[in-house]
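>
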Amino acid sequence: MFEKSLFAERLTGGSGIETLMDDLGHALAEGAGNIRMLGGGNPALIPELEACWRRRMREMLDDGDRFDRMLGVYDPPKGNTRFALALAAFLQREYGWDVGAEHIGITCGGQSAFFYLFNLLAGEFADGRRKRVLLPVVPEYIGYANQGLGADFFVGAMPEIAHTGPHTFKYRVDFERLKVSEDIGAICVSRPTNPSGNVLTDGEVAHLDALAREAGVPLIIDNAYGEPFPGIVFTKIKPIWNENIILTLSLSKLGLPGTRTGIIVARPEIIRAVTSMNAIIGLANGTIGQAIVTPLIESGEIGTLVGENLRPFYQRKAQNARAWIARYFDAALDYHVHESEGALFLWLWFRGMPISAAELYERLKKRGVLVVPGHYFAIGSAEAEKHASECIRLSFAMDDAVVEDGIRILADEVAQVYAGA
Ligand SMILES: Cc1ncc(COP(=O)(O)O)c(C=O)c1O
C-alpha cells in the first residue's frame, strides 16, 4: 500500500470512463462472438477507410525517408508543422475561417485535450477564487466527468425535453434557466452530443457563443463526431469557429483511434498554453495519425471519404438501429429514443422504469449484451441524474447482426422489467 496524494485519489478512485474502456477492451479482445458489444465508443471498421489507411502506410513505407522520420524523430510539442499548415489551409478553404498554423495544437487524443483545457480554464486561481466548467446540455460525454482537478468542478444543466413523436424526443438548451454565473471559467458542449446523438442547432450554438462572450469565457465545442471530419452529422448545420471558440477535433472516429491524435483549434494564447502543458506531461505527440492524414487534408480527399463513405455508412447504421427498435419494442411501452442527428449512439429513455439503468445494465450483461447506463453521463446535475438513471446509451457501430441481436435482447429484457419479472 502506498499513501495516495490528492491528485492520485482523484484519478485512481474509479470512474465511468475507466469501467467503460475496460468493458470495451475485454469484450473486443476476448468476447468476440459471445458478447453483443453495444457499450463502447469504438468506431466501425469501414472497408473504404481501412483501404485508405493501408494505402497511406504503403506510400509512407515506399518513401523511406518519410517513414523513418515519422518513427524516429520527435515532433515539437505543439504538433507537426506540415499537418497544422495543411489543416489551417483546409479550414480556410472549406469554411472561410481566419486560422493559421498558430491556431492549431495537437494532443495525445481528444481526451487529453480536455484534461488540459478544463484545468487551464477552471479550478483554483492565484487570488483564491475557484472556477467551474458549465455543461449546458447534460447528459454529456462520460469522459469529462473525472477530469477536473478539484471538487465540484462541473455545473451541469438539464435541457428541455421536446417530444418529437410517440417514441422520439430531442433535447433543447433551456436558455430560460441557463445561467453563466461569476464562477464559470468555460462553457463546454459536444456537438454531436455523446451520448444522445443530439446536434445543437446553429441558433443554439450562436446563443451559447453570445453568452460565453458576454461572460468573457471561452466556448469549447467538442467536435469529436463533427464537421469536417469525421463528419458523422445527419442534419444540415454550419460549423462555427471564432477567437472565443475552442474547437476540438480528433482522428479517432475517422477510424484511427489507435493513433491517439487530438486537435485543438483556438486562439494562439490558448494553443501556447496547451503546448506548454503537453511538453511537460507528454513531451511530444504521436506522429503516425498526422502523417497518415496530412496528404488527404492537403488534397481534400478527406472530404470525399467522409461524404461518400463514412457519413452514409453511419447514417445507414443509425436507420437500421432505429428500425430494429421499432420492430422489437412493444409500442405500448413508455420508451423514447432521442432523435439520431449524429455520432454513433442511440440514447433510449425508459420513462418510469421500475429499476435503475445501472440495474438494467447488470441484467443485460448477464444476457451477453453490453450497453452504458445513463447515470454516468449526468455530470454536475442532480436533475439530469434522475432523468439519466432511466436512460441507456447503445452504440450502433458494430456489425449489423450484433446490433440487431443486442436490440432484440434489450427489448425482451425491458419488457420483463416493466412486467415486474
Ligand atoms: C464526445 C467525445 N469527446 C472526446 C472523445 C475523446 O476521443 P479521443 O481521445 O479518442 O480523441 C470522445 C471519445 O469517444 C468523445 O466521444
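Letter 272 of the sequence shown, counting from 1, is numbered 280 in the numbering used here, and no numbers are missing.
Beta carbons: idealized from backbone N, C-alpha and C, even for Gly.
Could you check where the alpha helix (DSSP H) with Arg330 kicks off and where it finishes?
319-336
> Rounded to whole angstroms, what's the CA-CA distance from Leu341 to Val422? Just pull it up for me.
9 Å
> Got a sec: does ligand 1 put a non-hydrogen atom nearer than 8 Å to the Cβ of Leu461?
In the structure as shown, the chain begins at 9 and stops at 429. Residue 461 is therefore absent and cannot be evaluated.
> I'd like the ranges of any alpha helix (DSSP H) spanning at least 4 consecutive residues and lying wholly in the stretch 64-127.
The DSSP assignment places complete alpha helix (DSSP H) segments of no fewer than 4 residues inside the stretch 64-127 at 72-80, 89-103, in order along the chain.
> Does the stretch 165-181 come into contact with the stretch 217-224, if we say contact requires no fewer than three beta-carbon pairs (one atom in each stretch) closer than 8 Å?
no
> Does the separation of the CB atoms of Gly131 and Gly193 fall below 9 Å?
yes
> If you measure between the beta carbons of Met361 and Glu393, is that distance less than 9 Å?
no
> If I'm right that Phe126 touches Val141 with Cβ under 8 Å, what's the distance once you round it to whole angstroms?
Contact flag correct, Cβ pair sits at about 6 Å.
> When the distance is taken between beta carbons, is Gly47 closer than 9 Å to Leu35?
Checking the sequence shown, residue 35 turns out to be Ala, not Leu. Result yes, Cβ atoms of Ala35 and Gly47 sit closer than 9 Å.
> For Leu255, which of Met9, Ala96, Ile415 has the nearest alpha-carbon?
Ala96
> With C-beta atoms as the reference, is Tyr82 less than 9 Å away from Ala292?
yes
> With a floor of 4 residues, list each alpha helix (DSSP H) that falls wholly inside the stretch 184-239, ordered by position along the chain.
210-223
> With Arg74 and Met68 assumed to form a contact (beta carbons below 8 Å), what rounded beta-carbon distance in angstroms separates them?
5 Å
> Would you list the residues sitting across from Ala170 in a DSSP beta bridge?
Lys178
> Hey, would you say the C-beta of Asp30 is under 8 Å away from at least one heavy atom of ligand 1?
Incorrect: Asp30 has no Cβ contact closer than 8 Å to ligand 1.
> Just verifying my parser: in three-state terms, what is the DSSP assignment at Met406?
coil
> Assuming His344 and Trp332 are in contact, meaning their beta carbons sit under 8 Å apart, how far apart are those beta carbons, in whole angstroms?
About 16 Å separates the two Cβ atoms, so there is no contact after all.
> Helix, strand or coil: which one does DSSP assign to Lys139?
strand
> Can you tell which of Leu418, Ile415, Ile387 has the C-alpha that lies nearest to the C-alpha of Cys196?
Ile387
> Please report how far the alpha carbon of Tyr103 lies from the alpha carbon of Pro247, in whole angstroms.
8 Å
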